[in-house]
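Heads up, the thing below is written out as structure tokens.
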Amino acid sequence: MTGELPSNIIADISFIGRGGGSVKALGGFRKQHHTVPDAATAVTNAFLGKICEGELAAEAERLFQAVRTGLGYRRKEVALSVASPLAALTAKDFAVEIFYALEEGGPARYTVTMTLRGLRSAELARTAEFAAIFGGKFSEISFALKKGVRVEAVIDAVEALDGAGGLRVSYPSDYRECELAVTGVDARVRCTGATLDMIFPHTGAPAELMDGFAAVRGAFAASKSLGALFG
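Residue numbering for the sequence shown follows the numbering used here, starting at 27 and increasing by one per position.
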């Protein structure tokens with residue numbers, strides 16, 4: 027995405043929103059014929075795909091119409107495909123997927139994940155039209171790093187600051203990832219080596235999440251090492 031992000035560091039950006047509900051509440055669930063899944067497997071997720079068809083199709087169609095009319099796209103500039111439990115909208119400037127799946131730890135419930143990726147322009151994300159379509163949809167932003175980073179290097183860089191710049195770090199003993207706390211930023215910042223993720227306690231439009239990332243980059247500027255790692 028051009029305009030605001032270091033393209034020499036970031037390969038791709040995704041905005042992620044999560045929701046869900048009770049399997050019993052889905053329109054295709056028939057109490058007299060169906061039972062609630064007791065495990066999340068390929069078979070039970072296929073069952074979910076059948077009973078969520080109505081909700082998925084309706085949600086995807088609403089999104090298609092909002093994108094088409096709100097952004098003034100012509101027929102050749104936006105398309106929708108629905109193959110439950112997945113719907114994929116492809117527009118000339120971005121793509122969106124809506125995916126239903128059973129909760130691993132509680133298969134009586136399902137999750138709905140909306141992912142916006144391939145956004146070609148930061149300027150588009152900051153328009154009123156875009157905000158009207160996607161406002162309140164996303165709570166996570168994920169950056170795929172072109173070359174990746176060593177999690178240990180991120181940890182060492184933050185610990186070397188001794189709290190300067192309002193940065194703190196926590197991590198497990200195997201260093202598979204680390205989590206950064208940034209003073210003034212109301213989000214968890216997670217580095218996995220391959221991605222840098224921000225998880226917010228509230229939902230917002232893509233531009234709001236990008237503003238949060240700008241604040242994190244400003245904190246990273248306190249360290250030459252972090253600045254080199256994350257642009």
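Ideal Cβ positions, reconstructed from N, Cα and C, are used throughout, including at glycine.
- Per DSSP, the continuous beta strand (DSSP E) segment holding V138 begins and ends at R135 to R143.
- Cα atoms of E185 and G131: separation of roughly 35 Å, rounded to the nearest angstrom.
- With a beta-carbon spacing of about 5 Å, A86 and V108 fall inside the 8 Å limit used to define contacts.
- Note that the C-beta distance between Y136 and G54 is not below 8 Å.
- In this structure, the straight-line span from the alpha carbon of F256 to that of A213 is close to 17 Å.
- Non-local C-beta neighbours of A233 in its own chain, meaning closer than 6 Å and more than five positions away in sequence, comprise A151 and R152, ordered along the chain.
- Contact annotation, E203 with R194: C-beta distance approximately 15 Å; criterion of less than 8 Å not satisfied.
- A residue is called buried when at least 16 other Cβ atoms come within 10 angstroms of its Cβ; A240 does not meet this threshold and is exposed.
- In the structure shown, the three-state DSSP call for V184 is helix.
- Between the alpha carbons of Q91 and A127 lies a gap of roughly 24 Å.
- For L115 and A72, the gap between their C-alpha atoms comes out near 21 Å.
- Of all C-beta pairs linking the region 165-182 to the region 222-229, three or more are shorter than 8 Å, placing the two stretches in contact.
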